[in-house]
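Respectively, the protein sequence lines represent chains W and L.
Position one of the first sequence corresponds to residue 1 (my numbering), numbered consecutively onward.
Position one of the second sequence corresponds to residue 182 (my numbering), numbered consecutively onward.
Worksheet: one structure, shown below.
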Amino acid sequence: MFRIDFNKLRFLVCDDNPHMRRILRTLLHSFGAREVYEAEDGATALEMYTHYVPDVVITDWAMPIFDGIELAQMIRQPDSKGNPYAPIIMLTGHSEKRRVTMARDAGVTEFLAKPISAKGLYQRILNVVANPRPFIKTKTYFGPDRRRNTSNTYIGPERRVGGEMEVMQQPSLLDKARSGI
Amino acid sequence: MTKNKPGDIEIKTYATHHVIMQPNPLRKVLRRLEADDGDDPVARAEKALAGLSGEFGSWMTIEADRLSAAWDAIGSKGFSDATRGELFRAAHDIRGDAATFGFPSAGAAANSLCRIIEHAPDLAKVPSDLIMHHIDAVQAIVRQRTKLDTVAMANELSRQLRGIADEFLTKANRHRPEHLEAILAPSIVPVE
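Put into structure tokens, the structure is as follows:
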């Protein structure tokens with residue numbers, strides 16, 4: 001079992017709703033975090049991401065200017081000057097399977113469906129800090145490995161060719177979202 | 182804060198993809214849990230959240246009024262990407278926040294409204310009563326929630342609105358299978 005020294009982590013929180021930002025700030029400070037930067041839209045978040053170089057990004061989905069999915073896609077640019085590897089936690093009121101898949105395919109590391117809980121947020125942060133996944137770069141994707149378990153029977157068009165079975169045994173984003181924590 | 186040198190990154194190249202590995206850049210913030218560690222950050226955060234709860238009622242009123250204002254803007258300016266977007270974001274925020282603020286039925290009504298905005302083929306052709314009833318329901322739940330009987334009524338109101346909205350959306354999307362599938366798909370959020 002591990003414990004996180006939150007006071008050594010730098011967070012960027014992006015949510016257009018001031019009440020949700022206040023809740024997130026309260027939770028993160030209670031965990032022990034000192035550095036919590038806040039943005040109210042995707043464009044500001046991207047600027048702050050470059051400027052402050054946060055260790056963990058927590059973002060909402062639906063926001064003005066550009067949304068959390070676009071923010072994730074802009075962070076996950078393999079040739080960008082900024083850090084394209086930072087863990088991204090998508091915290092959202094969206095609760096449909098296709099949304100989880102969209103978030104995963106945008107390079108989001110963890111998905112947390114609202115309503116928010118202290119336990120759910122803590123566990124997502126613990127997971128991205130303690131169990132980072134390798135990154136995968138293909139023609140159409142750059143982000144954390146989307147495979148979390150092996151499926152030797154899969155023969156679809158997105159099957160990777162020539163790779164070893166180096167798979168992190170973790171519940172899928174969807175299963176974790178369904179678990180409610 | 183915690184960075185690796187570029188040389189730390191190891192890349193394995195395969196036929197269709199690259200696997201990029203690096204030592205955990207955040208390992209320095211991890212420490213093993215000692216047996217006598219009585220610290221509970223989750224409990225501490227829950228306590229802090231409870232300390233905020235005195236403000237939740239007024240926050241919820243602000244959210245409900247934002248939703249009404251978004252609908253009023255559509256009444257005066259008509260449907261546009263901007264007015265539709267603000268109506269959706271206002272409803273979407275309530276969908277996500279209301280349960281945290283102690284108004285789960287308002288969240289359910291807002292969720293139903295979000296589904297209408299997302300899946301109606303043409304929002305301008307949705308009966309305005311259907312949208313207004315959702316907004317009125319959110320307002321009523323937020324402003325009248327002190328008694329047990331109103332809690333039960335709020336649950337029933339949200340349930341009925343969802344039923345009517347789903348019936349409308351199912352008919353309106355009968356020739357749009359991708360929307361129909363999304364409408365009928367179960368939520369990933371566990372039912373309480």
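Each residue gets a CB set at the ideal place from its N, CA and C atoms; glycine is no exception.
It should be emphasised that the depicted structure is a prediction, and the values quoted were computed from it without experimental measurement.
Annotated three-state conformation of W/L91 is strand, per DSSP. Boundaries for W/F11: no alpha helix (DSSP H) harbours it, while the beta strand (DSSP E) harbouring it runs 10-14, taken from the DSSP string.
Taking a C-beta distance under 8 angstroms as the contact criterion, L/M202 and L/E191 qualify as a contact pair. Rounded to the nearest angstrom, the gap between the Cα atoms of W/F2 and W/N127 is 10 angstroms. Following the DSSP letters along the chain, one finds L/L365 in no beta strand (DSSP E) but inside the alpha helix (DSSP H) bounded by residues 358-365.
The residues D16, D41, G42, in chain order, have a CB closer than 6 angstroms to that of W/M63 in the same chain once the five nearest residues on each side in sequence are set aside. Taking 8 angstroms as the cut-off, the beta carbon of W/K114 is found no closer than this to the beta carbon of L/D253. In the structure shown, the three-state DSSP call for W/G143 is strand. The beta carbon of W/I65 sits closer than 7 angstroms to those of D41, G42, A43, all from its chain and outside the five residues before and after it, given in chain order. Rounded to the nearest angstrom, the Cβ distance from L/A290 to L/V319 is 5 angstroms, consistent with a contact under 8 angstroms. Using a Cβ-Cβ cut-off of 8 angstroms, W/N127 does not count as an interface residue toward chain L, since no Cβ of chain L sits closer than that to its own. Using beta-carbon distances, W/S80 does not count as an interface residue toward chain L, since no partner is under 8 angstroms. Not a single C-beta of chain W is nearer than 8 angstroms to the C-beta of L/E348. Interface with chain L (8 angstroms Cβ-Cβ cutoff): W/D55 is included. Chain W places no beta carbon closer than 8 angstroms to that of L/F284, leaving this residue out of the contacts. DSSP places L/H199 within a strand segment (E or B) once states are collapsed to three.
Taking a beta-carbon distance threshold of 8 angstroms, L/P358 does not count as an interface residue toward chain W. Look at the beta carbons and you see the segment 356-363 of chain L not touching the segment 75-90 of chain W: under three pairs across the two are nearer than 8 angstroms.
If you compare the alpha carbons of L/A226, L/D221, L/D189 with that of W/I23, the shortest gap goes to L/A226.
The residues L248, A291, L294, C295, I298, in chain order, have a CB closer than 7 angstroms to that of L/A272 in the same chain once the five nearest residues on each side in sequence are set aside. The alpha-carbon of W/K81 is positioned some 50 angstroms away from that of L/R324. Residue burial is scored here from C-beta neighbours: L/E362 has fewer than 16 other C-beta atoms within 10 angstroms and is therefore classed as exposed.
W/I75 is outside the set of residues whose beta carbon lies under 8 angstroms from a beta carbon in chain L. Within chain L, the residues placing a beta-carbon under 9 angstroms from that of W/F31 are P222, V223, R225, A226, ordered along the chain. Selection L/D221, L/T351, L/L350, L/I316 evaluated against L/A335 yields L/I316 as nearest (Cα-Cα).
Taking a Cβ-Cβ threshold of 9 angstroms, none of the residues of chain L is close to W/E110; the smallest such distance is about 14 angstroms.
In the three-state reduction of the DSSP assignment, W/V129 falls in the helix class, which pools H, G and I. Secondary structure at L/R213: strand, using DSSP grouped into helix, strand and coil. In the structure shown, L/K193 falls within a strand segment according to DSSP collapsed to helix, strand and coil. In the displayed model, L/F269 falls within a helix according to three-state DSSP. Taking 8 angstroms as the threshold, the shortest C-beta distance from L/L214 to chain W falls below it. From the beta-carbon of L/N336, no residue of chain W is found nearer than 7 angstroms; the closest lies around 16 angstroms away. Listed in chain order, the non-local C-beta contacts of W/H94 below 6 angstroms within the same chain comprise W61, local neighbours out to five positions each way being set aside. For L/E244, the uninterrupted alpha helix (DSSP H) run begins and ends at 237-258, by DSSP. DSSP, read as helix, strand or coil, puts L/L207 in coil. DSSP, reduced to helix, strand and coil, places W/K137 within a strand of the structure shown.
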